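Chemist: This is the structure I have questions about; it appears just below.
Number of protein chains: 2
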Amino acid sequence: MNRVSLFFLLSLALGLARAETDVEFSARARALHERIIALDTHLDTPANFSRPGWDIMDRHTYETDRSQVDYPRMVEGGLDGGFWAIFTAQGPRTPEGLAAARDKALIRAVEIREMVAKHSDKFELAFTSDDAARIHAAGKRIVYQSIENAYPIGKDISLVQTFYTLGVRMMSPAHTSNSDLADSATDANGPEWHGLSPLGKEFVAECNRLGIILDASHSADSVFDQMLELSKTPLILSHSGPKGANNHPRNIDDERIKKLAAKGGVIQINSLSAYLIPQPVIPERNAALAQLYAKFGLPAPQARAPGVPVGGAGRGGRGGRGGDMSAEQRDAFMKEMAELDKKYPVPQATFEDFMRHVNYALKLVGPEHVGFGADWDGGGGVEGMRDITGYPKVTERLLKEGYSEQDVANMWGGNVIRLLKAAEDYAKSQKKA
Amino acid sequence: MNRVSLFFLLSLALGLARAETDVEFSARARALHERIIALDTHLDTPANFSRPGWDIMDRHTYETDRSQVDYPRMVEGGLDGGFWAIFTAQGPRTPEGLAAARDKALIRAVEIREMVAKHSDKFELAFTSDDAARIHAAGKRIVYQSIENAYPIGKDISLVQTFYTLGVRMMSPAHTSNSDLADSATDANGPEWHGLSPLGKEFVAECNRLGIILDASHSADSVFDQMLELSKTPLILSHSGPKGANNHPRNIDDERIKKLAAKGGVIQINSLSAYLIPQPVIPERNAALAQLYAKFGLPAPQARAPGVPVGGAGRGGRGGRGGDMSAEQRDAFMKEMAELDKKYPVPQATFEDFMRHVNYALKLVGPEHVGFGADWDGGGGVEGMRDITGYPKVTERLLKEGYSEQDVANMWGGNVIRLLKAAEDYAKSQKKA
């Protein structure tokens with residue numbers, strides 16, 4: 259009898275006859291979580307790269323600086339990488355505004371690439387669908403780039419290729435206000451284009467031509483409908499939720515989720531409290547927020563989860579002077595923010611709310627069309643999962659609910675890599691034609 | 259008597275009474291060279307950053323790979339840094355051509371910044387005139403960025419600010435052919451704008467507004483004249499030579515050098531053989547060159563020093579497919595190039611020719627208006643100084659010729675830093691106004 263057979267028999271005798279213990283189950287879930295490629299499709303973390311004194315190699319805590327992603331926590335949370343966002347807050351659509359947005363986005367792309375260059379033993383830029391597996395096998399973290407709000411493209415479609423050349427492989431046409439390309443789901447002034455603008459349609463075609471995944475998160479339903487019709491490759495909702503789980507304009511209805519899936523697309527579940535659960539509008543809170551933001555020279559706030567300044571700790575600087583805040587100013591801001599939250603509390607979503615959204619989408623379209631884009635460092639995070647170290651719990655829960663290891667692997671990375679492959683294949687097919 | 263006084267008396271007794279030996283002189287020159295901030299204002303080295311397998315931290319030799327600058331040789335040659343060029347070969351002035359040039363220049367800027375991020379213990383980006391001394395004191399190499407040929411700006415003046423934001427602090431409007439901004443000194447079809455185009459005049463004003471040094475190297479004399487008149491701050495010729503030392507259209511006449519100096523500007527001496535000495539035109543050589551370049555998919559060659567493929571080893575890829583050449587292809591190309599040089603030899607400039615140009619300019623306008631921009635990795639290098647390790651000889655020679663330590667320090671860095679300070683000060687004064 260060889261040693262392997264002996265081990266097998268002993269295992270059988272000692273353990274397999276009885277049910278798996280909780281500890282064993284957790285260990286098996288964690289092992290799976292480590293084995294698969296775990297990607298989050300909306301990391302706002304690059305906004306932190308220019309924060310004075312903030313280093314991705316340090317272990318931070320949400321409690322002390324509101325950040326949610328760094329290298330030590332990626333290791334702890336078993337997050338292998340994702341799409342690191344080049345976010346630009348919507349600003350004036352003047353020539354000056356467009357030029358400034360373009361430059362800001364270019365600098366953000368440079369900061370992402372500098373971070374990777376500086377820590378090239380730990381991170382690697384990913385450009386193709388094959389890169390994820392290769393980088394994962396090399397023991398490094400995966401850095402795909404995405405654009406949240408194509409405002410920096412301005413009226414110059416050729417800039418889509420510029421950002422593609424820099425490595426961007428996912429783009430959304432708008433953010434919380436209408437852009438030159440598309441209507442937002444949440445513009446206070448309502449629709450402007452009733453979907454995509456003529457330039458927005460060119461944008462869709464250009465993304466298809468180059469091999470960029472189109473992202474409908476933040477866009478109006480009309481934009482989703484038109485992109486779904488026009489795009490030659492499946493869409494993503496990089497950080498969204500089902501309206502059926504919470505009726506918010508940033509979430510999407512069942513019919514549209516089904517159409518998305520029918521065309522091969524995926525919805526990546528967000529963890530932002532305001533989208534996960536109903537939150538009352540408290541005019542006094544909003545007025546106090548506006549006052550606080552103005553005091554620190556930040557752009558006007560949007561409805562956000564409590565405790566999360568300006569759409570996430572990192573986002574403080576985006577579009578405003580927040581990025582230039584000293585550590586002292588930031589501390590002062592955080593302190594006043596905490597007081598404001600205490601004075602005007604709003605309900606906070608929990609890990610269970612997040613899983614409720616995940617499960618709602620899973621029941622609707624299945625594990626080949628659902629994944630995770632929790633808006634870390636951009637306003638995401640719930641009670642019980644305040645940063646990425648909570649991610650292994652998601653895998654554990656999915657296994658517990660009966661999803662197979664393959665299902666779980668698809669949700670964590672397989673689906674979005676399939677979308678990138680489809681975008682690449684279409685682009686290649688056009689080059690040949 | 260304290261120890262210092264004793265040492266002084268002993269020194270006097272033992273050494274100072276007799277003449278300095280050659281070894282002592284060399285040591286003193288080297289010590290000076292180490293003490294001052296030595297900058298070269300035209301390093302084409304960034305073109306090597308994307309060469310497969312090429313690493314700036316390795317010690318290369320000119321003989322094996324034609325490169326002339328890397329970190330070990332910067333230490334050996336006492337070169338503290340300089341202006342690292344974002345070079346773009348002039349191409350089609352179509353919308354597609356302009357967009358491609360813009361993207362190529364952006365990627366080159368990113369490659370420079372990635373190099374610095376990767377080796378942040380050895381290199382640091384410089385943005386202001388103060389940065390040079392600070393970085394030098396920290397024991398790191400200084401990386402200012404420059405644009406050679408503003409072709410990537412295209413017709414969009416707002417891109418000047420984009421590159422400024424990325425760190426560019428010196429720009430020239432044209433290269434070897436006319437651009438949308440200005441006439442070249444060497445366009446085969448002669449003048450197009452008779453100086454600056456209307457857009458070129460906007461370009462000058464925008465560089466002034468932002469605090470960018472204007473560089474007239476490669477531009478036609480008419481452009482030099484107009485820039486000298488229009489610019490609110492002193493001009494640089496980042497890599498040029500005096501016509502009085504060799505009558506070549508890329509060199510500049512005495513009157514213009516004097517006018518440049520009268521307005522506070524500087525001429526930085528080039529070391530490219532074809533500009534330093536008369537070289538016969540050999541039609542058979544040029545035909546063979548064109549054939550060789552076409553064979554390797556490179557853009558058409560210009561008149562260049564023998565042994566220097568496509569304007570320097572690094573430049574092989576610029577504007578063509580050379581950058582994608584494998585190490586094997588590059589070796590094959592170099593071998594055929596060496597055979598061609600052997601078959602159709604042209605005279606090569608020497609270190610003495612380089613110093614003849616330096617001294618000519620010095621006699622004309624003095625050490626506050628002369629410096630070094632030897633076009634390393636862009637076609638520069640002479641017999642006796644094939645790479646930057648030869649630079650200490652220049653300092654030694656200048657001392658020997660009677661220039662003071664302050665003169666030498668000005669030539670090596672003080673002058674160009676003075677120009678950057680003037681550009682900054684003007685930009686600041688405009689912001690206040």
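Just so you know, the protein sequences line up as chains A and B, in that order.
Just so you know, we're using my numbering here: the first sequence kicks off at 259 and counts up by one.
Just so you know, we're using my numbering here: the second sequence kicks off at 259 and counts up by one.
Where a beta carbon is used, it is the ideal one built from N, C-alpha and C, also for glycine.
Small disclaimer: the values here were computed from a predicted structure and weren't measured.
If you measure beta-carbon to beta-carbon, which residues of the segment 336-365 of chain A are closer than 9 Å to chain B?
Modeler: P353, E354, L356, A357, A358, R360, D361, K362, L364 and I365
Chemist: Provide the residue span of the beta strand (DSSP E) that contains V524 (chain A), from first to last.
Modeler: V524 to I527
Chemist: Quick one: what does DSSP say A215 (chain A) is sitting in, helix, strand or coil?
Modeler: The requested residue 215 (chain A) is not part of the displayed model; chain A covers only 259 to 691.
Chemist: In the segment 372-389 of chain B, which residues sit with their C-beta less than 7 Å from some C-beta in chain A, listed in chain order?
Modeler: E372, A375, K376 and S378
Chemist: At the 8 Å Cβ level, is T303 (chain B) part of the contact set with chain A, yes or no?
Modeler: Answer no: the Cβ-Cβ gap between T303 (chain B) and chain A never drops below 8 Å.
Chemist: Can you look up Y402 (chain B) in the DSSP assignment and give me helix, strand or coil?
Modeler: strand
Chemist: Any idea what DSSP makes of L457 (chain B), helix, strand or coil?
Modeler: Annotated three-state conformation of L457 (chain B) is helix, per DSSP.
Chemist: Check whether the segment 518-530 of chain B and the segment 672-686 of chain B touch, using three or more Cβ-Cβ pairs below 8 Å as the test.
Modeler: yes
Chemist: Which residues in chain A have a C-beta closer than 9 Å to the C-beta of Q419 (chain B)? List them in chain order.
Modeler: Q419 (chain B) reaches chain A at A357, A358 and D361, counting residues in chain order whose Cβ is nearer than 9 Å.
Chemist: Could you check how far apart the C-beta atoms of P431 (chain A) and A440 (chain A) are, in whole angstroms? I think they sit under 8 Å.
Modeler: Right, their Cβ atoms sit about 4 Å apart.
Chemist: Going along chain A, which residues have a C-beta under 8 Å from L424 (chain B)?
Modeler: L364, I365 and V368
Chemist: In its own chain, which residues sit with a C-beta less than 6 Å from the C-beta of I294 (chain A), not counting the 5 before and 5 after it?
Modeler: A667 and W670
Chemist: For the beta strand (DSSP E) containing T692 (chain B), list its first residue and its last residue.
Modeler: A question about residue 692 (chain B) goes unanswered here, because the residues of chain B that appear run from 259 up to 691.
Chemist: Nearest-angstrom Cα distance between V628 (chain B) and K490 (chain B)?
Modeler: 20 Å
Chemist: Look up T444 (chain B) in the DSSP assignment and say whether it is helix, strand or coil.
Modeler: Here T444 (chain B) carries a coil assignment [DSSP, helix/strand/coil].
Chemist: Residues of chain B with CB closer than 7 Å to the CB of S416 (chain A), please, in chain order.
Modeler: A357
Chemist: Does any C-beta atom of chain D lie closer than 8 Å to the C-beta of M583 (chain B)?
Modeler: The structure shown contains no chain D; the protein chains it does contain are A and B.
Chemist: Which same chain residues end up closer than 7 Å to N542 (chain B) when comparing Cβ atoms and leaving out the 5 residues on each side of it in sequence?
Modeler: A small fix is needed here, since residue 542 (chain B) is Glu in this sequence, not Asn. Only Y602 meet the Cβ criterion.
Chemist: Using DSSP bridges, identify the partner residues of D473 (chain A).
Modeler: A:I494
Chemist: Between the segment 497-511 of chain A and the segment 629-642 of chain A, do at least 3 Cβ pairs fall closer than 8 Å?
Modeler: yes
Chemist: Consult DSSP for V451 (chain B) and reduce its assignment to one of helix, strand or coil.
Modeler: For the record, residue 451 (chain B) in the displayed sequence is Trp; it is not Val. In this structure, W451 (chain B) counts as coil in the three-state DSSP scheme.
Chemist: Is there contact here, the segment 336-350 of chain A with the segment 284-303 of chain A, by at least three beta-carbon pairs under 8 Å?
Modeler: yes
Chemist: Spell out a yes or no on whether the segment 637-657 of chain B and the segment 538-552 of chain B are touching, meaning 3 or more CB-CB pairs, one atom from each, closer than 8 Å.
Modeler: With the rule of 3 Cβ pairs closer than 8 Å, the segment 637-657 of chain B does not count as touching the segment 538-552 of chain B.
Chemist: Give me, in chain order, the residues of the same chain whose beta-carbon lies closer than 6 Å to that of R371 (chain A); leave out the 5 immediate sequence neighbours on both sides.
Modeler: none
Chemist: Take Q606 (chain B) and list the residues in its own chain whose beta-carbon comes closer than 6 Å to its own, dropping the five residues that flank it on each side.
Modeler: Counting only residues of its own chain and dropping the five nearest sequence neighbours on each side, Q606 (chain B) has a CB closer than 6 Å to the CB of S531 and E641.
Chemist: Quick check: is the beta carbon of A680 (chain B) nearer than 8 Å to any beta carbon in chain A?
Modeler: no
Chemist: For a test of the three-state rule: what should DSSP assign to Q608 (chain A), helix, strand or coil?
Modeler: Residue 608 (chain A) is actually Thr in this sequence, not Gln. The three-state secondary structure of T608 (chain A), taken from DSSP, is strand.
Chemist: Could you give the DSSP three-state label for E641 (chain B): helix, strand or coil?
Modeler: strand
Chemist: Measure from the alpha carbon of P410 (chain B) to the alpha carbon of each residue in B:V604, B:G335, B:D361 and B:R399, then state which is nearest.
Modeler: Checking every option, the nearest Cα to that of P410 (chain B) belongs to B:D361.
Chemist: Please look up how many angstroms separate the CB atoms of L486 (chain A) and K516 (chain A), rounded, as I've assumed it's under 8 Å.
Modeler: Actually they are not in contact, since the Cβ atoms of L486 (chain A) and K516 (chain A) sit about 11 Å apart, beyond 8 Å.
Chemist: In the DSSP assignment, what are the bridge partners of L677 (chain B)?
Modeler: The partner list for L677 (chain B) (beta bridge, DSSP) is empty, contrary to what the question assumes.
Chemist: Which same chain residues, not among the five before or five after K501 (chain A), have their C-beta less than 8 Å away from its C-beta?
Modeler: Within its own chain, the residues whose Cβ lies closer than 8 Å to the Cβ of K501 (chain A), once the five positions on either side in sequence are excluded, are N509, I510, D511 and D512, listed in chain order.
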